Amino acid sequence: MSGMTTERYGPVSFVVAMVNILVLEVFTIVYLPAILYLVVFSVPLWLLYVAICAVIAKGPGVIAQIGRGMFFGSLSLPLCVLVSIPAWQAIGSLVPN
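Here's what the structure looks like:
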């Protein structure tokens, strides 16, 4: 695999995105009960990570593919929270007191 490629996305982007999704989903699900912790500490770290992804995506060839994969994988954190919190609330209302 050479360092220079004309493809915008490739297998490298896919693998990096899947690894990011795996790591961020596990992190989100583990810390979802402590939602305050998730919001206070994770959001600034996530924004920093997205900025790093943008810088890496500006690189040449495979490096840019890695940056794009990191960026798309990083979207799993806010999407998981947006889906999980309403589901958590709905399940909580179904549990008898």
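Every letter in the sequence shown is one number past the one before it in my numbering, and letter 33, counting from 1, is 25. Glycine included, C-beta positions come from ideal geometry on N, C-alpha and C. Being a predicted model, the structure only gives us computed values, none of them experimental.
Going along the chain, which residues of its own chain have a beta-carbon closer than 7 Å to the beta-carbon of residue i, five neighbours each way excluded?
| i | result |
| --- | --- |
| Val8 | Ile58, Gly61, Met62, Gly65 |
| Tyr1 | Gln57, Arg60 |
| Phe6 | Gly61 |
Starting from residue i and walking both ways along the alpha helix (DSSP H), at which residues does that stretch end?
| i | result |
| --- | --- |
| Gly59 | 53 to 66 |
| Glu17 | 3 to 23 |
| Val47 | 35 to 49 |
Can you give the Cα-Cα distance for residue i and residue j, rounded to whole angstroms?
| i | j | result |
| --- | --- | --- |
| Ile48 | Leu16 | 19 Å |
| Ile77 | Ala43 | 26 Å |
| Val18 | Thr(-2) | 33 Å |
| Ala82 | Ala26 | 17 Å |
| Leu30 | Ile13 | 16 Å |
| Val32 | Pro52 | 34 Å |
| Val91 | Ala46 | In the structure as shown, the chain starts at -7 and stops at 89, and residue 91 therefore has no counterpart that could be examined. |
Looking only at its chain, what residues have a beta carbon closer than 8 Å to the beta carbon of residue i, apart from the 5 residues adjacent to it on each side?
| i | result |
| --- | --- |
| Trp80 | Leu24 |
| Lys50 | Ala56, Gly59 |
| Val22 | none |
| Tyr41 | Met62, Ser66 |
Write down the C-beta distance between residue i and residue j rounded to the nearest angstrom, noting that I regard them as a contact closer than 8 Å.
| i | j | result |
| --- | --- | --- |
| Leu69 | Trp38 | 5 Å |
| Val54 | Val11 | With 8 Å as the limit, Val54 and Val11 do not qualify as a contact, their Cβ atoms being about 15 Å apart. |
Give the secondary structure of residue i by DSSP, where H, G and I count as helix, E and B as strand, and everything else as coil.
| i | result |
| --- | --- |
| Ala26 | coil |
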